[in-house]
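Protein chains in written order, with the numbering used here: chain A, 7 to 403; chain B, 2 to 454; chain C, 174 to 671.
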Amino acid sequence: MKRYLVLFLMLAGFAFAAGKVTVWTHFGGPELEWLKAQAASFERATGTKVEIVEVPFGDIKQKFILGAPQGEAADLVVTVPHDWVGEMAASGALEPVGKFATKDYLSDLMPVALEAFSYQGKLFGLPMNAESVALIYNKKLVKSPPKTWDEFLALAQKYTTGDTFGFLYDLGNPYFNYGWFKAYGAYVFGKRADGGLNPSDLGLGGEAGYKAGQFIKDLRYKYGLIPEGVDYGVADGAFKDGVLAMILNGPWALGDYKKAGLDIGIAPLPAPPGGKAWGPFVGVQGIVLNAYSKNKVAAINFAKLLVRPDAQISFNRAGGRIPVSQGALSQLKDDPVVKGFSTTIAMGDPMPNIPEMGKVWGPWGNALSLIIQKPDSDVKKIIDQMVEEIQKGIQGE
Amino acid sequence: MYKHPPGLRGFLVAIGLLGAAILAAFSIGLFAYWALERLATSASNPEGVPNYTLLITSALALIPILILLARRYAYLTDWYYLLPAMLFLLAFTVYPIVLTVYLAFTNYSGLHNGKPDRASETRVVRLAGRTLVLDGPAETSLRCRNPSCSEELVELVGEGRRVYDRIERAEENRLVLARAPDFEPRYVYRVNTFSYVGLKNFVFIFANASRALIPVFLWNVVFAFASVLSTALLGLILGIVLNNRRLPLRNTYRTLLVISWALPGVITIQMWVALLNKQFGAINRLLGLLGVYPIPWLLDPLWAKVSVLLVNLWLGFPYMMTATLGALSTIPDELYEAARVDGASSWQSFRRITLPLLRAPFIPILLSSFAYNFNNFNIIYLLTGGGPSSEGRLSTAQATDILISWAYKTAFRAEGQSAYGLGAAISLVIFAITVGISLVNFKFTGALKEERK
Amino acid sequence: MRRVVFGALVAAIYVVVRQVVFGLGSSNAWLVLAYESGDAGLALTLLAGVLFLGLIAARFGSSWRDVLAVVAGLEAGTYLLAIGQALGQAVRPRPAFGSVFIPGGWRYVLVGYLAIALLLLVYSAVYIGVKNRLTRRKQSVWTFFGYALIHLFLVSLVMLVFYPVIQVVAASFDPTNNLFSFRRVNSPFLLVRAKVLPDFSRISLENYQRLVEGVVIYGYQWALLAAAALALLLALWSGYKLRRLGPVEPWATLQGRALSVFALLAFLLVVLVSPSQFGGRSTESKFLLWVRNTLLLSSATGFLAVALTATAGYAFARFRFPGRYPLLLTFIFVQMFPGFLALIAIYYLLSALDLLNTFTGLLLAYSGGIISFGSWVYKGYIESLGHSLEEAAYIDGASRWQAFLRIILPLSAPIFVFIFLLQFVGTYSEFILANLVLTGVEKWTVGIGLYSFTTGQFSTKWGVFAAASVLGSLPILMVFYGFQQYFVSGYTAGAVKE
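See below:
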């Protein structure tokens, strides 16, 4: 009995023994196929097997942090957004990859991508693509994108009827709203002298925060653009159905819009009244390496294959994401989508990647949904309370 | 037959013998596991046998030990019946509770998880006894919290190995370790330790009581109470209506009406989210046809509570209806016959027979339903996610959050930032409250009294 | 009469005291209402106060419980009113976007219902009149009309209860994957135009096709499926016969055999399906695999639950050993810990055993959930069986274990079915623990899959979700309706003893 058991267990063990790289990914559809094709060519070239495991986006961070030290997580994750990097690095899961990166590779990257994946002066992933929200308009309804706030408002209000909408987006979501905060002079974390972010300098409150909050509230209650009940799904659905003229959304949605047969244009939003230029949060997605991986060299080689400029171009063809390699970008410069989003990415700021950012999202989103909940909400009080909760959270009280 | 040694002594002896048996089986199992591991491990299979083999070997060892024990202590066989359930309960319920209690007194969280901070990676130039020479100033590149890094825990990595070590002190770019590593480390990392914080998590809960615990607890009680009341009322009415044997199609109605109980909640609750959208949901469109202005079902803190209760009524009334029918079927027909002979009207026999006889089976149903709804995580989490936002609350405890969803969000969702320690403390508070409610429950029904024979 | 007056008295004193203590315009809506209704309200309140003074002189007496009841009633009333008022204020008088708004539409509905009731009354009168004439009996028109009204109520209720279900089914035929349709609907029916009822004119099976894309089912599996379906039909048919004829012998055996054959074939099918048969490239094309995983997991947990609780329940019911009562208490109270909040503990435990990302691990994690409830229910069931059968067996020289095996177990089938079903249904759509333990699409269960469709980073696949919901709930509906009587009897048995 026991001999058979041993034999059986040994047979089971052999499967794991061969050189293998496991990859977790949240890609789906054509992007997943692209990844599988890359894995196949890597296997042919090196003989190392690549196993691709689909994990939902929202689960990756927790599962990776919990599983990495236990040997239960993949060698690579393709991809994580850079704002997770601080937390994942501080909790021991991520390997600094600066030692694997070549000078050529680093100098080819957009500076914002490098900044995004650097935490405490170390590089924690190979950036792959960048994204930001931008004004996406339906060319059937909007001939040329509005340049000023007044033009924008007139256009948006013209289309806001019972059956069509002028401008919708997920109004309660801080990620989409950062552009307005920036326009009014607010920021999340100030910078330290050495270029790193300073978690004790929180810039979301004060006069700038009040103005941004008031403006977001006005979008619903004064300008009457975005009614209650509109969330991401509603705005996206209305745009796909062709009844929405303009939406604030990112490159991830373009595949669906293409499928729906829409002719779209991409432009930055105008500056809000009394504010400076609008500029969105820039998110950079990149490949990270498990610090506890037993196969780091093979894994990083596969990762390097995925971020080569030609791979980034084919990835852009598959899913429409915006590459961070300047070489790839210059080859794609005639693509209107890449051009449109490159413009807004250049206007924006990278999301903070320090772990303290985790203490910001919850109270910030909460404050925004409180502000837009009622026409008589007290913006100042809500923003003040938000700042207080964030500061307490960061101090660890 | 056999006799148990009486009293507390008997109990302790039995538990002691069982414990010894398990311990012995575990030791033998461990040995067998170790032997198997040695046999199976080879260059091609460095992992050896999976660790659960230990469970199998221990279980195999336990059987003969138990048989042997039963020869000497026959009365122990009574305990063998309980052993499987007890072992499972110990492993998958008691052990998690113990760990939760432990975590509740620590600051364990995503950032204090006892793992090395990779941002503190520092290259080791060379090793000299207990001293590591680093390629940068130790204190800043390891980002030590204590002055001169004393007592900080570090991880040393190199030659395919990783070990934890403690720093005695740091001088410039030199680290003096508590014990010398037996290999050449290439990198050193400072560990983000978690530590015992005493009652800090509980202090946080009670210091912020007005922003979380009190409103959440009050709503939790109201929610559970109103859910039980509303479902019981509708279920009772329907049960009584459908119990009428002269009503044609009553089985068809019953079969149709249990649909909301039969379908998985993860489906139906998410569908309700769509139906209850203020501008685009079908419910408000239906109400629009009736001349009612759109209701902010899930957007207004108060309306969201109403929505939760309504959806829970939809989900829960079939159970109450079924329970009523079951209880009514236990009332013998003869009682009604006798009442009719005595000239009672149907209303009178309903008042005097049906209702009083429903009381006895219904009270435990109501109480267990209360206990169930008190921790009814799914409906809150899937319908509103605890929202909408409510002023002056913690961002993990919003308008419709109940205790369990608050704890879950604190420990496992982005809003709470993986504050496992705090989440564990909240779980203990929930545990205490649930036990309290159940004690009242048992006192009410006297359920445990008769067991105490 | 005395009590009524006394109640009024207490109410009045309460009003005045509240008025004085809290002042006008406090957050208490009841007082606010009185205040806002102007002088009349104020006068009424004052009048009540005066009345009280007059009546107190007459020295009415009653128990303090009555006083408390009146005060509590008033207080509850004020809060209900306040809540009602706040609810009303939160509704802004503007019709929803793109909706059809009919001012005073509820009047039409009310009139419609009255008209139907009137029609039913006329129908009852005619029907009973003719019937009485023919059968020469005197049946009351009103009783018949009462039943008709009950039917009207029940039919309306069934429509309300089924409304969300219909919406799910409709959404599963909509390939746009949008939660809401924004296109104008041209339909002769008002309800469809108003998007209250789904527009069934454009049905597409695309969502269902996506769920089965790339699935290869081998010939023998089709054969197994067909045989299982046949067995099920046979069981249903004999069940129908049984219900009509009562417990008649050939049908009862047939039903039992058909059900066992069905269970066996279904089990074979579930075990023989392998992940390699699902070659589709999208996530949702693995859906049938998730159903298979779930069936495997849920039934295994069900069996484990029965196995663990059977002996424990028996011991608690029949044995008297020192420590029985404290152990019983421990069983009950330990289970009150909100187990799924101990996710981390379970994660580390399974990780230490190398059981993460395996069905066995999840099975073990689930098994802790029902032990105490199952033991408790089973203990109650055995106690209701009585001792006589076992004692007879003891006289024949049977041991305790033999008595348990030969006497108790065969009698316990219904309660085992109940415990099995409870665990089966409870784990079928569970997704939080499953999501933590299982990684990778091929390991997913229905619950994780369904949850993932609606919580993608920026993409929600509502159409696919709905189609998967329809298909995924079929097994559970079959189980539920097939074994409905066990649920009823199990809950009653459990509840009566509990």
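Using N, Cα and C, we set each Cβ at its ideal position, and we do this for glycine too.
Problem set entry | Where A/Gly172 falls: helix, strand or coil (DSSP) | In the three-state DSSP reduction, A/Gly172 falls in the strand class (E or B).
Exercise. Interface residues of chain A around B/Asn374 at Cβ under 9 Å?
Worked result: The premise fails here: B/Asn374 is roughly 26 Å from chain A at the closest Cβ pair, so nothing lies under 9 Å.
Problem set entry | Own chain, CB closer than 8 Å to B/Leu299, minus 5 neighbours either side, in chain order | Setting aside the 5 residues that flank it on each side, B/Leu299 is surrounded in the same chain by Val274, Leu277, Asn278, Lys279, Ala305, Ser308, Leu384, Thr385, Gly388 and Pro389, each with a C-beta closer than 8 Å to its C-beta; the list follows chain order.
Exercise. Can we say the stretch 21-39 of chain B touches the stretch 384-400 of chain A, given the rule of at least three CB pairs closer than 8 Å?
Worked result: In short, these stretches do not touch, since the Cβ pair count stays below three.
Exercise. In three-state terms, what does DSSP make of C/Leu644?
Worked result: DSSP, reduced to helix, strand and coil, places C/Leu644 within a helical segment of the structure shown.
Exercise. Counting Cβ pairs, one atom from each stretch, are 3 or more of them under 8 Å apart for the stretch 47-58 of chain A and the stretch 93-110 of chain A?
Worked result: Touching, no.
For this session: Within the same chain, show all residues whose beta-carbon is closer than 6 Å to that of B/Ile332, passing over the 5 residues directly before and after it, in chain order.
Result: Same-chain partners within the cutoff: Leu358.
Problem set entry | Near-chain B residues of the stretch 61-89 of chain A - C-beta to any C-beta below 8 Å | Residues Gln68, Ile71 and Pro75.
For this session: For C/Ser662, decide whether its Cβ has a neighbour in chain B, counting only Cβ atoms nearer than 8 Å.
Result: Chain B has a Cβ within less than 8 Å of the Cβ of C/Ser662.
For this session: Give every residue of the same chain whose Cβ lies closer than 7 Å to the Cβ of C/Val590, excluding the five residues on either side of it in the sequence, and list them in chain order.
Result: Here the set comprises Phe656 and Tyr659.
Exercise. Among the residues of its own chain, which have a CB less than 7 Å from the CB of B/Ala408, if the five just before and after it don't count?
Worked result: If we look at B/Ala408 and ignore the five residues flanking it on each side, its Cβ neighbours are Gly424, Ile427, Ser428 and Ile431.
For this session: Just mark B/His1 as buried or exposed, buried being the case when its beta carbon has 16 or more other beta carbons within 10 Å.
Result: Since the displayed chain B opens at 2 and closes at 454, residue 1 of chain B lies outside it and no answer follows.
Problem set entry | Partner residues on chain C for A/Leu112, Cβ-Cβ distance less than 7 Å | None at all; the shortest Cβ gap to chain C is about 28 Å.
Exercise. Which residues in the same chain as C/Glu379 place their Cβ atom closer than 7 Å to its Cβ, once the five residues preceding and following it in sequence are excluded?
Worked result: Within the same chain, Cβ atoms closer than 7 Å to the Cβ of C/Glu379 are found at Pro348, the five residues on either side in sequence being excluded.
Problem set entry | Own chain residues within Cβ distance below 6 Å of A/Pro381, not counting five before or after | Answer for A/Pro381: Tyr227, listed in chain order.
Problem set entry | Close-in-space but distant-in-sequence residues of the same chain around B/Tyr320 (CB under 6 Å, 5 per side omitted) | If you ignore the 5 residues before and after B/Tyr320, its C-beta comes within less than 6 Å of the C-beta of Trp262, all in its own chain and listed in chain order.
Problem set entry | Alpha carbon of A/Phe347 to alpha carbon of A/Pro286, nearest angstrom | Distance between A/Phe347 and A/Pro286, taken at the CA atoms: about 11 Å.
Exercise. Got a sec: is the Cβ-Cβ distance from B/Pro65 to anything in chain C below 8 Å?
Worked result: For B/Pro65, the answer is no, since every Cβ of chain C falls outside 8 Å of its Cβ.
Exercise. In the structure shown, what three-state DSSP assignment does A/Ser206 receive?
Worked result: A/Ser206: strand per DSSP, three-state reduction.
Exercise. Does the distance from the C-beta atom of C/Glu457 to that of C/Ala639 stay below 8 Å?
Worked result: Not in contact: C/Glu457 and C/Ala639 (Cβ atoms no closer than 8 Å).
Exercise. Between the Cα of A/Lys282 and the Cα atoms of A/Phe187, A/Pro358, A/Gly292 and A/Lys223, which residue gives the shortest distance?
Worked result: Nearest C-alpha to A/Lys282: A/Phe187.
Exercise. Do you know how far the Cα of C/Phe326 is from the Cα of A/Asn183?
Worked result: Near 49 Å, if we compare the C-alpha coordinates of C/Phe326 and A/Asn183.
Exercise. Can you name the residues of chain C whose CB is closer than 9 Å to the CB of B/Asp1?
Worked result: Only positions 2 to 454 of chain B appear in this structure, which leaves residue 1 of chain B out of reach.
For this session: Would you be able to state if there are at least three C-beta pairs under 8 Å between the stretch 209-229 of chain A and the stretch 273-281 of chain A?
Result: A contact exists between the stretch 273-281 of chain A and the stretch 209-229 of chain A.
Problem set entry | Residue ranges of each alpha helix (DSSP H) within the stretch 412-484 of chain C, 4 or longer | For the stretch 412-484 of chain C, whole alpha helix (DSSP H) runs of length 4 or above, ordered along the chain, are 422-445.
For this session: Sort C/Ala269, C/Ala185 and C/Leu650 by Cα distance to B/Ile284 and report the nearest one.
Result: Answer by Cα proximity: C/Ala269.
For this session: For my contact list, B/Leu234 and B/Thr325 are in at a C-beta cut-off of 8 Å; report their separation, rounded to the angstrom.
Result: Contact between B/Leu234 and B/Thr325 does not hold, since the beta-carbon distance rounds to 11 Å and is not under 8 Å.
Problem set entry | Neighbourhood of B/Trp315 by C-beta distance below 7 Å, restricted to the same chain and skipping five residues each side | Within the same chain, B/Trp315 has close Cβ partners Ser261.
For this session: Identify the continuous beta strand (DSSP E) that holds A/Gln291 and give its terminal residues.
Result: Phe287 to Leu295 is the span of the beta strand (DSSP E), which, as asked, contains A/Gln291.
Exercise. Roughly how far, in whole angstroms, is the beta-carbon of C/Lys634 from the beta-carbon of C/Asn350, given that I think they are within contact range, below 8 Å?
Worked result: Indeed they touch by this definition, with Cβ atoms about 5 Å apart.
Exercise. Smallest Cα separation from C/Ala488: which of B/Thr141, B/Tyr76 and B/Pro7?
Worked result: Checking every option, the nearest Cα to that of C/Ala488 belongs to B/Tyr76.
Problem set entry | Interfacial residues, the stretch 416-450 of chain B to chain C, with Cβ spacing under 7 Å | Of all residues in the stretch 416-450 of chain B, the ones placed with a Cβ closer than 7 Å to any Cβ belonging to chain C are Tyr421, Gly424, Ser428, Ile431, Phe432, Thr435, Val436, Ser439 and Ala448, in chain order.
Problem set entry | Alpha carbon of C/Trp203 to alpha carbon of B/Pro216, nearest angstrom | Here C/Trp203 scores only 48 on pLDDT, less than 50, and its place in the model is too uncertain to base an answer on.
Exercise. Is the beta carbon of A/Leu376 sitting closer than 8 Å to the one on B/Glu392?
Worked result: Judged by their CB atoms, A/Leu376 and B/Glu392 are nearer to each other than the 8 Å cut-off.
Problem set entry | Given A/Phe70 as reference, the closest of A/Pro152, A/His32, A/Met116 and A/Gly333 once Cα atoms are compared | For A/Phe70, the nearest C-alpha among the options comes from A/His32.
Exercise. Taking DSSP as the reference, what is the three-state secondary structure of C/Met332?
Worked result: Annotated three-state conformation of C/Met332 is helix, per DSSP.
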